[in-house]
Every structure is written in structure tokens, then in C-alpha cells.
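Student: These protein sequence lines are chains A, B, C, D, E and F, in that order.
Using numbering that gives the first Met the number 0, you'd call the opening residue of the first sequence number 0 and step up by one each time.
Using numbering that gives the first Met the number 0, you'd call the opening residue of the second sequence number 0 and step up by one each time.
Using numbering that gives the first Met the number 0, you'd call the opening residue of the third sequence number 0 and step up by one each time.
Using numbering that gives the first Met the number 0, you'd call the opening residue of the fourth sequence number 0 and step up by one each time.
Using numbering that gives the first Met the number 0, you'd call the opening residue of the fifth sequence number 0 and step up by one each time.
Using numbering that gives the first Met the number 0, you'd call the opening residue of the sixth sequence number 0 and step up by one each time.
There are 6 protein chains.
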Amino acid sequence: MLWHEQAWPQIASCDQNIPIIIPLGSCEQHGHHLPVFVDTIQVQAVADGVERALHDRILMLPAIWLGSSHHHADYPGTISLPPELYTAVIKEIVRSVLRGGFRRLFFLNGHGGNEIPVAQALAAMVAESDQADSAYLAYASWWSVGKDALDPQKLSLSTPGISHACEVETSMMLAIRPDLVKQELAIEPSPVLRSEWFNFEYGGKVAVFRRYHRLTPSGDMGAPKAGTKEKGETMLAGVIADVVRFLEEFARWPELPRIGPS
Amino acid sequence: MLWHEQAWPQIASCDQNIPIIIPLGSCEQHGHHLPVFVDTIQVQAVADGVERALHDRILMLPAIWLGSSHHHADYPGTISLPPELYTAVIKEIVRSVLRGGFRRLFFLNGHGGNEIPVAQALAAMVAESDQADSAYLAYASWWSVGKDALDPQKLSLSTPGISHACEVETSMMLAIRPDLVKQELAIEPSPVLRSEWFNFEYGGKVAVFRRYHRLTPSGDMGAPKAGTKEKGETMLAGVIADVVRFLEEFARWPELPRIGPS
Amino acid sequence: MLWHEQAWPQIASCDQNIPIIIPLGSCEQHGHHLPVFVDTIQVQAVADGVERALHDRILMLPAIWLGSSHHHADYPGTISLPPELYTAVIKEIVRSVLRGGFRRLFFLNGHGGNEIPVAQALAAMVAESDQADSAYLAYASWWSVGKDALDPQKLSLSTPGISHACEVETSMMLAIRPDLVKQELAIEPSPVLRSEWFNFEYGGKVAVFRRYHRLTPSGDMGAPKAGTKEKGETMLAGVIADVVRFLEEFARWPELPRIGPS
Amino acid sequence: MLWHEQAWPQIASCDQNIPIIIPLGSCEQHGHHLPVFVDTIQVQAVADGVERALHDRILMLPAIWLGSSHHHADYPGTISLPPELYTAVIKEIVRSVLRGGFRRLFFLNGHGGNEIPVAQALAAMVAESDQADSAYLAYASWWSVGKDALDPQKLSLSTPGISHACEVETSMMLAIRPDLVKQELAIEPSPVLRSEWFNFEYGGKVAVFRRYHRLTPSGDMGAPKAGTKEKGETMLAGVIADVVRFLEEFARWPELPRIGPS
Amino acid sequence: MLWHEQAWPQIASCDQNIPIIIPLGSCEQHGHHLPVFVDTIQVQAVADGVERALHDRILMLPAIWLGSSHHHADYPGTISLPPELYTAVIKEIVRSVLRGGFRRLFFLNGHGGNEIPVAQALAAMVAESDQADSAYLAYASWWSVGKDALDPQKLSLSTPGISHACEVETSMMLAIRPDLVKQELAIEPSPVLRSEWFNFEYGGKVAVFRRYHRLTPSGDMGAPKAGTKEKGETMLAGVIADVVRFLEEFARWPELPRIGPS
Amino acid sequence: MLWHEQAWPQIASCDQNIPIIIPLGSCEQHGHHLPVFVDTIQVQAVADGVERALHDRILMLPAIWLGSSHHHADYPGTISLPPELYTAVIKEIVRSVLRGGFRRLFFLNGHGGNEIPVAQALAAMVAESDQADSAYLAYASWWSVGKDALDPQKLSLSTPGISHACEVETSMMLAIRPDLVKQELAIEPSPVLRSEWFNFEYGGKVAVFRRYHRLTPSGDMGAPKAGTKEKGETMLAGVIADVVRFLEEFARWPELPRIGPS
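1) Could you tell me which whole alpha helix (DSSP H) segments of length 4 or greater appear in the segment 61-96 of chain A?
2) Using a C-beta cutoff of 7 Å, does proline 75/E count as contacting chain F?
3) Identify whether phenylalanine 106/A lies in helix, strand or coil by the three-state DSSP scheme.
4) With respect to the alpha helix (DSSP H) encompassing alanine 137/C, which residues constitute its N-terminal and C-terminal limits?
5) Name the residues in the segment 248-260 of chain D whose C-beta lies less than 9 Å from a C-beta of chain F; which are they?
6) Flag this pair as yes or no: are the beta carbons of serine 170/A and threonine 227/A separated by less than 7 Å?
7) 7 Å is my cut-off, CB to CB: does histidine 69/E come that close to chain A?
8) Grab me the residues of valine 167/B's own chain with a C-beta within less than 6 Å of its C-beta, minus the 5 sequence neighbours each way, in chain order.
9) If valine 49/D and leucine 246/D are in contact, beta carbons under 8 Å, what's the gap, nearest whole angstrom?
10) Taking the straight line between their C-alpha atoms, what separation do you get for glutamate 248/A and serine 143/A?
11) Looking only at C-alpha atoms, which of Phe106/D, Asn113/D, Val93/D, Leu60/D sits nearest to methionine 124/D?
12) For alanine 118/C, tell me which candidate among Met172/C, Ile89/C, Gln130/C has the shortest Cα-Cα distance.
13) Whole alpha helix (DSSP H) runs in the segment 133-197 of chain E with 4 or more residues, listed along the chain?
14) Can you tell me whether DSSP reads valine 207/D as helix, strand or coil?
15) Compute the Euclidean distance between the alpha carbons of glutamine 182/D and proline 34/D, then round it to the nearest angstrom.
16) Are the beta-carbon atoms of tyrosine 85/B and glutamine 28/B separated by less than 7 Å?
17) Taking DSSP as the reference, what is the three-state secondary structure of leucine 121/A?
18) Can you grab the Cα-Cα spacing for the pair proline 151/D / methionine 0/D, in whole Å?
19) How big is the Cα-Cα spacing for lysine 204/A and alanine 139/E?
20) Along chain I, which residues have their Cβ under 8 Å away from the Cβ of tyrosine 138/E?
21) Alpha carbon to alpha carbon, how far is phenylalanine 106/F from alanine 122/F?
22) Between proline 81/D and alanine 131/F, is the Cβ-Cβ spacing less than 7 Å?
23) Should the segment 5-20 of chain E be regarded as contacting the segment 47-62 of chain E, the criterion being three or more beta carbon pairs within less than 8 Å?
24) In whole angstroms, what separates the C-alpha of tryptophan 7/C from that of asparagine 16/D?
25) So, do the segment 249-260 of chain E and the segment 62-73 of chain E have three or more beta carbon pairs nearer to each other than 8 Å?
26) Could you check if histidine 212/A is buried or exposed, using at least 16 other CB atoms within 10 Å of its CB as the buried criterion?
27) Quick one, which of Glu232/E, Arg244/E, Glu187/E has its alpha-carbon nearest serine 194/A's?
28) Any beta carbon from chain A within less than 7 Å of lysine 146/E's own beta carbon?
29) Buried or exposed: which applies to lysine 230/A, given that a residue is buried once 16 or more other Cβ atoms fall within 10 Å of its Cβ?
30) Check the DSSP bridge columns for glycine 262/A and list the partner residues they point to.
31) Under three-state DSSP, which class holds leucine 255/D?
32) May I have a chain-ordered list of the alpha helix (DSSP H) segments no shorter than 4 residues that lie completely inside the segment 221-247 of chain D?
33) Alpha carbon to alpha carbon, how far is alanine 120/B from glycine 30/F?
34) Between which two residues does the beta strand (DSSP E) containing leucine 23/B stretch?
35) Quick one: which chain F residues come within Cβ less than 7 Å of valine 117/E?
36) When you compare each of Glu91/A, Gly112/A, His110/A, Gly111/A to leucine 104/A by their alpha carbons, which one comes out closest?
Now the structure itself:
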């Protein structure tokens, strides 16, 4: 059920244990071949599918397209909040939803750069608010909750997973908004660092931080030319199914009372 | 032209003097008869009309639906940033757009509660940044830039102007999304204060601040039952025309060099 | 009654419904012909008149001369807080007064640049504090509450209203501190922008933000040479009368209990 | 010379090595017998004397009456900024004065509670700004710079120095504004802690922090009934002479270039 | 080489490409059987081993024992910074080290709760500082960089990895400071939630946030009674070897010049 | 008793009136002849002596080595928090200790630059928290609490007291860690300002703020070559004895109930 299309008394009369879904996008460069709204378009597509499946068993807000993308800020077109401010925004959304009496919040994330500041926000909320600590505050990026659906072998991907403006994202966009994809303009630059400990596309045992203008001249990574509409449709359907399955369980997780010292 | 549907090289190649439009909405209670997204729906409808008219003479972002509505926070369904945080968010949007080299920003606002924190943001940006001071930072609510189009006499309104979930907003929504209007549920409570100096619906010579739960039990104000689809269609077309006329002039305003001490 | 000349037990024994008046000034450039303390001198003169008229029916603080004038910061002599910090200061004054048990606060403002951050402060206080929300927090600039007294036709002004170091301010200063006025040094530069939508002297349907060093080389605006002592005396008396009339009503406004959801 | 009575070009034409004096007061409870503005009245009286003596060899602002007095906040009548906010305000005053090109700032303090946040402000300014580090940022409370003038033996005081609403302050007020002193209402409560390491009236080797409502029921300390007009006049004249002497030297202190690593 | 035992000219003369190691600990409850300093003791032991191995090929600071542990704050003994403040502290350490000219920073982390705020700090530094963006800012928890050394099968662990006051930590402490371990007091409470998507001991595809007083009455988790000194000694040696191997490579990673826009 | 070596139930069972000691150090340049950790090494040595003497009559944390030393930031090797951030850190430590139920906190300080921000922190805590106001929050630098033990005449010092990397500190280090002292490298530069009102080594009636790179090229001050191990041993023993004596009294100071208005 769409939160934003309800009048307030309808929201006030909902079961307070219903999962509340807040999709998170971004507006940031995605190479020469994809629009800056890729993350928002993708997460909204996943959210739409989930809403169609669960309808009145959840309340869902529209995607917040303003994300934390300062690592892409050197490329025109990126509109971004720095991490600390994005954290503050997420905290206020949590406060707003809790104020309405709801107790199960799920941020469905569509942009890697949002992960740390969202985690920071939820950790901070739990730390400073007994009401938040008594509720379920959860988040996952769609490629994490849908990890099995994105198994590179099952999908015959040529790359090990999602990076940026890559095979996965190009495929997803070909499935959702093919009119916005100019696959022939993709560049596929070489990685700037190869190491067993970390790489800028897929991470590693150590975490390293740089803005993208030191990693890729064009803004894309990986193998976007290997993306296909078919891969994208399979991914999208699989991820939606996984999120639905998670939310069905999430709605039933037990209350967690205080059992330690307070 | 829609900013978010472009790849970054397309945005990078735009004329840096093109007006950049950022519509601002909210998610807040609008009485028993209107959905919480009224302000976002309305400003997006104005923005859509403007974009159709001016197309590639502007770059337009989608509405930011997260507004500053803490005066409505006591009603479930309201999702809001407090004024200081909303100010910080607007400042970052300005920084992001300036970083891309653009120099004419117009925030097209759709929610009264956003006005003060947006003004605070633009005043602060100009104060702290020479780059911002050298650019045009402007904002207007659609009912302000379109003031003439909303002339209560021309429109035969039964109330003197826009307040909240009122005749104007109900009319607009009947024109844009009639499926979301349950006009028969509107309450039309009496004002809690009558004074020549100030009233909570239409302001006055003095400014006074309260949360809405002390002003209206239902959340609406004014005369929503007097709203009609016809009034709404006239308003919407008139406001769009006014914003278009303003932007055509805005695009041609002269550079303002430093002429005083620096 | 002057707050600052009382010992604390006298303040503690006052009726908690008495209006508390906090005049707000600035220290900022006012052209070549007026001192940097114009706004403080003017608002203090209005406040003094009000205090003489209402005496023990109000409690009045002295003007806070430190205002928010960063748009004048390029001219030496300006001492200013940026908008966000001024907002924080106003919030603390509200907290201090509320802590003493008082419930009707009126900020009598004397500087245009203070308006937005004061509004931001009062909006934020109401948002975050139930005690503030249960009280009356109000502000007005003296030219707003005294709008009728400043009617340009009645006063035979050559300009439509107050701008900066202008006909109105020069007249007021000639009435209050003529020794500080060097009217022959006024410059009266031409406006840098003419538009039906906005001008930097008198505002408009759209709001636009710049520092003054792009608007006037000398710092003054409008027609300061048209100012006279007689106009100033009429204005001052009229504004004082209006503020007095407002405060007499303000003291009697009803309590506003919660009537909506909380 | 009074900064606030000059037009900006006059300030712009001053020697940038002239000392700039910013007096700092407070608005806080001072027992049953003294008004809440004691600190502001006293520091302004010292400042007035200094300005008369040095005239155009200094530029002086009027006292900022809003101080940091949260330790007195439990007594109605106290208007206060918390320490961190007061620090931020002082930093902005420094920035404003430096922006005008001046390089020798002296905060003449009149309230003990301001000392720490002023020191914090000046330390922080020097840390974060090379311009501040290249200038002289100084402060002293009048009882510190005038320590010799307040020698308890020379003045035949019955107490060892200044505490709060005490013999020293009562004497000063009897000299400056006797109409505001109701000496017969002074209470002189007993100290709540006696220790060789610390006492709440006169400090010690260790620093201990409490709000005053745990230290004195009436708000005064020490021996206010021992105050006399004669002591006050002697103190006032002596302190003014000391501040004048300091400022004459301060104006001549050498530039301090960088000599270490930068 | 120990940073803190050098005089500043020695540090100034080091190769600026040398890795700088900053170990991060915590002071937080670790059940009934382990002291609150477990995380600091462990990370210092790893750091000591690394310093012995690499000596003058690195510069190493002592562990910062103050971590971000508000999820443990309900248990007495926990001393903690909230996440946002810890982030601000880490940013300042980065600024301090960069100010000295160094360009390869590695935070060797010993507490899970520090991971998010450290990541937030490094992401923010890179976003706001070109100098930071041009340097290597990296972090890893010792159980991440030493993931292979902690392989549960190789070590014959009864649990799948590190959680809190668990088999791994008890083993490590038995190897490092057996005098501080009272293994017989360990409780081993049952998990409060079992799910394929997430569990509070080992994480999962979704992230969920709670304070520990809702997860474990005693503060420990997993199987601390299964810990042995032998396991601990193997782990410690293995982790040290892995960190050494990583740092040897880290010291040789290439400079990353700007290759994208601006 | 060492806080950090206890498990949480042991800390929870301590008498809540026991003094809690938090030693504060720094990591900052100390000339050519002393390591950057001087302040931390010294305060830890004092703390160790105190802990040996009082053992289970106090709870003591290890020194926090990260201090506020931005005035030394121009010398490589300095790791520092700016004053406002250090204040925020100290406030959180207070909150953590109060949360555990303890009511007597003593910050034993070892670095002059920490004094102002610690005072700011404790003043702010008392202002904003009734719990903090009801507790004892105290701090002293070891040279203040041990002022008598450092009497320059008794010790036959050639300088009047502690400044920086000076006779006192060199003596202390010769007593504690002689292996880290290279006394022959000390420089002893001349003071840059001589005044009866203030000097940068020993302070004065007025407070003046500069970074050290304008005061000393080498980083040391005073007469470090006059330091001896014997002086250091006498100082260290005397200071420890004084802190012990203070803490024995501190543990017995009376509760201070509210006696004024609240």
C-alpha cells in the first residue's frame, strides 16, 4: 500500500506492526551510457514489484532520490548529500515513522554509497532512543537481500557481481527503461589497482576510500557491454521475490524485550 | 529537459546559464480528504507543465518529496525534516548544482513550511560562498510566483487564498489526481484565533508559530468543500504560465559583478 | 518595565502571561551617511516608546545589537552572525524566557536580515518543544507591524517603502539621532536589476539572494536624500502606537489547547 | 572611538593596528539586592572610562549583554547561551573584526562564566585560521587585568576578592548605578563546601562545576553588605587605569612572524 | 617504529610514503568472564606483533581505547562515543596525520562497533578534502584482514566466527592476558532471533540494529567456554602474519592520479 | 583499581561514591629532545603512583592520549582534536561514567591545551544535565593540584614553573623514561614577547592566543637543559602525594542538594 496516497487517518488506523518500506536511490553519474538516475530507477522498480506482491501487508513510501554520492561529485550531474548529512536525514525519517507508532522499518537501498551512512543512522538511533531500540530498524541493498538471485553463475554473468554502471546495472536498466540506455557509449576502463586485499570494483578484506575520478575516466566500471535485457529481467524478478520473502518473515519477527541491565 | 534522464556527459555539455529547476514538495497530513502527498503532487504537476513548455531551455530535477513539516508532525503520516536540517539539505543541493558549473538555480516550492528554511539556506550559501554569491539563487512557492493566476476574485473563490488542505488545494487535486480526493470527508473547522494582526490560515503583520494540532483537530483549514475541478484546472494552467514567463526572464537576467568593497 | 533592571525575585513574581519584548538590531554598513548601528538605534527608539506607554504591562529587554548581516559583510564595520548561528541564538533566548515561566514572547525586529533566521528559530522551537508549542512565540519587524503608519502616500514618501539606508531610515535617524546623520554623503546608486518579479530593494513574487557588494557600491539604496526629520518623527510615533496596540491585544489572546492528535 | 557611531567608510579608513575593544556582559541573577544586568553595567562603566581616556587610539563596540550563564539558569531572569554556543558567537565576532582588516582584538570581559567559552573561542580561531593566528586575540576579565587595583588589603575589603553579587560587585554598583541597589535585601548565605583544594566562591587548585542553585538559595555570595560606594569608586577608577595602561602597551606589541615549521 | 616515542624532527624526517598504523580499541562490556578492555588488549597485541615484524618500515601509534560502543551502554563499565562523534574523531586523526605529510594510513580496528563510523569518517574525508582523496585511507578489523587465519575449520572452532565475548575472543585473551579471563563465569545465552536473513551474532543479508541488552542478559554470545589458549595463540600469530603481509603490499600500492573530470 | 581490567559485573558492584579517575594526555611536539608522548607518559606515571597508593578506593581508567593540541599542529608528529571536538569527547566520557551510576569524577590532566576544553565540557554538562549537576565533576592538571610540590624554590628550579618541553618536563621525563630524553638536543629559544601583562610561557593577567610556530622555532621553551633526574623524582613523588591527599578528601565531600529555585 502506498503511504503517500493515503490520508492521515488511514495511516493512523494501520496495524502498527506492518513493515514500512523506504526505498533509497541516488542521482549520480553512471558513465556515458546510463542516466544519472539509475539507482533510483532500479530501486523504484524493485519496490513497485514488492508493493504489487504484498500490497496491504506493507506501507511503502516513494524512493528518496537524493543520496550520498560525494565520491562521484567530480562528474557533473551528481546531486549529493555528504555522508554525515545523509545520516542525519535518515535519522529524521526514522523519527517520523516511529512518531506514527510503527515499529518495523526497512530501508530498501539502491545505492552503495548510502550503505555506510544509513548504517550509521540506524546505529545512532538505537543508541540514543529507547523507542528506536525497541523497534526493528533494518536495511539492505537490493543486491544483498537478493544475493542468491544475482548469482553470477546462474545468470552467466561475465563479471563477479555489481560494481558501478556495470553489467548488472546495464542489464537492469535494459529491463526497466531501455529508452535511457545507450550501451554503445559504454567505455569499460581498466581497473587502477589489482590486489588480493582490495579492489575498487568489488571490495575486499580491507576497505579503501577514493573519489571515482581517480578510478575511472568515464565513470563506468566492469563490463557494461555484457549486459542484456534478459539478464536484467531475470535479476529483477528474482530480487523482487527475495525481498518479498524477507518481508513476509520480517513482519513476523518476535518482539525483543530488555533482558540485560538497563 | 529532465536532468535525471541524462547521462553525465550530456549535463556537462549544457549551457551553464540554463535555469536549473528543483521542485520541492512534502509528505504531511492534509486533512481527512486529501493524501499526505498533496504538496508533492501539486508541485510536480506545475513542474511537468513548465518542462513541457520550456523543454530544452531548462534542466529540471524531480520533486524532492521530503520537506520540512514538523508543525504537522503530531498527525501520523507526516514524514519531515526539522527546519535546520532541511536548510542543510538545500545548501547541499545548491553546492551540487554549482559544482556542475550552473549559475541560475530556481527552487519551485510547493509547501509553505519549506519557505523559511529554503530562504535560510540560500541566504547562508550567499554568505559563505563567493561562487554562490556570483550566481542567481532564487525560490518561489507556486502560489507566489502565480499570485495573479490565483486571484480569488477572478477564480470566484470563497476564501482569500491558499491555507492548508483548503479550497485551493482541493481544487488543484481535483484537477490533477481526482482519484485521491474524498471531498465528502473534509471537516472545515473554525479558526482558533481571530485578529487584525495575524491569523493562522493567512498570516498577517506579525508572525506567530504553533504546531497544527493546536489549530485544527482534523488537519484541514478554510473551505475545502468549495473546491472544484474547474477552479483547479484554471489555477494549474495559470500558475504554469506564470512560472514559464518568469523563467524566460530569469534566463536573461544580467550577470551581477562586484561593485562594492570586497 | 525593564527586565534588566530587576532583581531575579522581582522577575519571578511577575504575571507569567505578561508579554516579554526582545528588540533585535544589527551592526552593519548603512552607506556613507549613516552609522553602522542604525538598525539598533531605530528599534531601541521604538522599544523605548513602547515601554514608556505600557510600562508594567510588559517586560522588556534591551536590544540585542548583534544581528545576522553577512550580506553586508564585505563592508568593514559590519559585525554579524551567519543565519544558522543567529537562529541558534534566538532559540536559546526563547528557552531562557520560557524557563522563567513566561508564555508570550514578542521579538520586535529592526533588521531585515534577521527575519528569516528568527522565523527559522521560532519554527524550530515549536517543532522540538511542547513547552514552546504551548506558548505564543511571535515576531515582527517594526515596519511590518507599523505598516499602516508607514504608508508612503500618507507620509508623502518619494519611494514605496523601506529598503536600506534609504528615505525611511534616514528620516528615522534624523528624528532619533540627527548628530549621527551626514545626509550630504548619501550616494543613491541605481538599482542593478529591474524586473516585475523581483527587485533587490523591495522584493517581489520570487526571492533572490546576493550580498550587497553586488547591488550597491556605496551601501545605500533608494532615496536617502529625500529623508526629513519630520517624516521620521511621524513614522516613529506611528510605529510606536501600532506596536502598543498590537501588544495590548497580544496580552489577551486565548490559550490554545491541543485539539488534534498528539 | 565608538565603532557603532561610525559609518563604514570611517571604519575602513582606521589604522588596522588600532586595538578593537569588545566588552562582554551577561544577564543573570545577582541575588535579591542587585539587578540581573550587573555584569553588563559594570563592564560598560569600565569600557566608558577607557574610551574617554583613549578615545581615537581605540575602536570600541558596546557591551554584548547576552552571556553564558547557564549555571544561573534556575533563577528566573537569567537569559543565557550555553557555553558551546557562546563560543561560536565569539568566533564570529572575531571573524567579523578580522574581515575588516583589524589585527588587535581585546575582549574586555565582565562575567566569570564567559571566561572559559571565550578562551575556547580564541583557541579555536587560532587553530583553524592562519589569519587569526597572525593577529593578536586577547581577553581579560576586568578583575584580572585590574588585579592590583582590587587588592583586598589596599581596599580594606572584608573578603579576598570577587565572587558573585558580593562585596566587590555591590560596591561597584553603588558607584555606578546606586538606584538599582537594594543592599538591605542581600542574604549572605554560608558556603556549602570548605576545602583547601577548592571553594565555589574563589576557586582553587582543582576546578569543580555545579549550577548555583546548589550553592546559594538567594543567588548572592560573600559579603555584599560590606560593599560601599567609596570602595566601588576606588575600584572603578583603578580598573579603568589598568585597562588603559594595558591597551597602551597592547597597541605596541610586535608582529609575531612564523618561526617554526608551518 | 613507535610514533609516540619519537621527537617531532624524527617524524618529520620519515619517508612520507611509509604506512601509518592507528590501532582502534574499545572499552565495553564483554560478559561476566572478560574485562571491558578486551578489544583494546587484542588489537594492541596484534599491533605489537606487527610492529616487531616491520619495525622501521611503518610508524605506529598506540591503540585509541575510546571506541564507539553505545550498543553496550546499558552495561556499567562501557565508556563510549556515539557513532557521529567517533566519526568526527577519526576524521581529525586523519587530518593530523595528513598534516604531517604522510599519505598511507591504515586503521587497524579491534571493535566491530567502530567499523561503520570509521568507514563514514574515511568516506567523508575523501569527499571533502582533495588531499585526503589523493592519499590512501584504509581500515580493516583484524578478523577481516586475518580472515583466512581465523578459518573455523582450520582452527576446529565450534562456532562459525567472531561475535562478542565468544570463543574467538576468549581464546585470544587466554593467549594474551590469561590472568584477566574467568572462563568459568561465561554464560552462553541462547540467540534471541533465528533467521536465514540475519542473526545478531554473525550478521546476514539484511542489517538489523539493537542494543545488546535486548540480545543477551549477560553480555556474552556464542561459545566462550570452547575457547582455549592454543586456539588463541594460533589465531594471534596468523592474524599478525596476515596484517604484515597486507602492509608490505600496501606500502607499494601505486599513486592514483586524477583521470576523470576535474 | 583499574577500571579496564574488570568485567562489567565487578564495575556494577562498586560503591557509586568511589572517585573515578580519568587521566588525560596528548600527542604533540615537545622540542627536539623529548618524544611527542611526554604529556601522556607523565600523567600516566602520576596516575600509576596514585593507583598504587589508593588501590581499591578509586577506579582508574588508562590515559586518553588523544588531546587538544592544535596550537602545536604545525609541527609534524602532533595528533590533535580541535577544542570543540575535545569538549564533545569529554562530555561523552562524563555521560558514560554517570550512566554507570558513579557520582565523583576527576579528570587528572597532563596537557595545558586540554584545560579550556575540559572546563568547557564540564560547564556544559552541568548546564544541560540535572544528573551531572547533582554529581561532582572536577578536573585539575597535575601541576595545579601539585602546585606546592612544584615550588620552584624548594626544588631549586632555574625557571618559575612549567611551560613546554621545559625544565619541569625534562626533569619528569628523566625520572620516568630517561631512555626517551636527548637533553643535548634541547634548544632553549628566547621568548618572543616580554610584558608585565602576559607572556607565552607562564601566562599573566591577560590571555593571548597563538600557535607555537610563532613562539619557538624548535618547539621547546624555558630551560630544559636545567632539568635533572633528581628534580624529576622529587616532583613526581610530591605530585603523587598531593593527588592522593586531594582524592582522599574528594571521596568525602558532602552531597550538595538543591537549595535555590529550580
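Here a beta-carbon is modelled for each residue, glycine too, at the ideal position from N, C-alpha and C.
Bear in mind that the values here come from a model prediction, so they are computed numbers and not experimental data.
Tutor: The short version:
1) none
2) Mapped onto the fifth sequence, residue 75/E falls at position 76. Interface residue, yes.
3) Position 107 of the first sequence, counting from 1, holds the residue named residue 106/A. In the structure shown, phenylalanine 106/A sits in a strand (DSSP, three-state: E or B).
4) On the third sequence, residue 137/C is found 138 positions in, with the first residue counted as 1. Alanine 137/C -> not in any alpha helix (DSSP H); beta strand (DSSP E) instead, spanning 135-140.
5) Glu248, Phe249, Trp252, Pro253, Leu255, Pro256, Arg257, Ile258, Gly259, Pro260
6) The residue you call residue 170/A lines up with position 171 of the first sequence. The residue you call residue 227/A lines up with position 228 of the first sequence. Yes. Within cutoff.
7) As a working mapping, residue 69/E is identified with position 70 in the fifth sequence. Chain A, which has a Cβ nearer than 7 Å to the Cβ of histidine 69/E, makes this yes.
8) Position 168 of the second sequence holds residue 167/B. Correct list, in chain order: Ile161.
9) Numbered from 1 along the fourth sequence, position 50 holds the residue referred to as residue 49/D. Numbered from 1 along the fourth sequence, position 247 holds the residue referred to as residue 246/D. With 8 Å as the limit, valine 49/D and leucine 246/D qualify as a contact, their Cβ atoms being about 7 Å apart.
10) Residue 248/A sits at position 249 when you count from the first residue of the first sequence. Residue 143/A sits at position 144 when you count from the first residue of the first sequence. Roughly 16 Å between the two C-alpha positions.
11) Residue numbering aside, residue 124/D sits at position 125 when the fourth sequence is read from its first letter. Nearest of Phe106/D, Asn113/D, Val93/D, Leu60/D to methionine 124/D, Cα basis: Val93/D.
12) As a working note, residue 118/C is residue 119 in the third sequence. Cα-wise, what sits closest to alanine 118/C is Ile89/C.
13) 141-144, 151-154, 166-175
14) Residue mapping note: residue 207/D aligns to position 208 of the fourth sequence, counting from 1. In the structure shown, valine 207/D sits in a strand (DSSP, three-state: E or B).
15) To locate residue 182/D, count along the fourth sequence from 1; it is residue 183. To locate residue 34/D, count along the fourth sequence from 1; it is residue 35. Cα to Cα, the separation comes out at about 11 Å.
16) Here residue 85/B refers to the residue found at position 86 of the second sequence. Here residue 28/B refers to the residue found at position 29 of the second sequence. The answer is no: Cβ separation not under 7 Å.
17) Mapped onto the first sequence, residue 121/A falls at position 122. It is helical.
18) In the fourth sequence, the residue the question calls residue 151/D occupies position 152. In the fourth sequence, the residue the question calls residue 0/D occupies position 1. Using only the alpha carbons, I get a separation of about 33 Å.
19) Here residue 204/A corresponds to residue number 205 of the first sequence, with the count starting at 1. Here residue 139/E corresponds to residue number 140 of the fifth sequence, with the count starting at 1. Going from the Cα of lysine 204/A to the Cα of alanine 139/E covers about 7 Å.
20) This model lacks chain I altogether, as its protein chains are A, B, C, D, E and F.
21) Taking the first residue of the sixth sequence as 1, we reach residue 106/F at position 107. Taking the first residue of the sixth sequence as 1, we reach residue 122/F at position 123. When only Cα atoms are considered, phenylalanine 106/F and alanine 122/F end up about 14 Å apart.
22) Your numbering for residue 81/D matches position 82 in the fourth sequence. Your numbering for residue 131/F matches position 132 in the sixth sequence. No, they are not a contact pair.
23) yes
24) Here residue 7/C corresponds to residue number 8 of the third sequence, with the count starting at 1. Here residue 16/D corresponds to residue number 17 of the fourth sequence, with the count starting at 1. Each residue's alpha carbon lies about 42 Å from the other.
25) no
26) If you number the first sequence from 1, residue 212/A lands on position 213. Histidine 212/A should be labelled buried.
27) Indexing the first sequence from 1 puts residue 194/A at position 195. It is Arg244/E whose Cα lies nearest to the Cα of serine 194/A.
28) The sequence position of residue 146/E within the fifth sequence is 147, counting from 1. Closer than 7 Å: yes.
29) As a first step, residue 230/A is located in the first sequence; it is residue number 231 there, counting from the start. Flag for lysine 230/A reads buried.
30) Since the first residue of chain A shown is 0 and the last is 261, residue 262/A is not available in this structure.
31) Your numbering for residue 255/D matches position 256 in the fourth sequence. Leucine 255/D: coil per DSSP, three-state reduction.
32) none
33) For the purposes of this step, residue 120/B is taken as the residue at position 121 of the second sequence. For the purposes of this step, residue 30/F is taken as the residue at position 31 of the sixth sequence. C-alpha separation (whole angstroms): 46 Å.
34) Position 24 of the second sequence, counting from 1, holds the residue named residue 23/B. Unbroken beta strand (DSSP E) run through leucine 23/B: 19-23.
35) Taking the first residue of the fifth sequence as position 1, residue 117/E is located at position 118. Those do not exist, as valine 117/E stays about 15 Å from chain F at its closest Cβ, beyond 7 Å.
36) Against the first sequence, residue 104/A aligns to sequence position 105. Of Glu91/A, Gly112/A, His110/A, Gly111/A, the residue nearest in Cα terms is Glu91/A.
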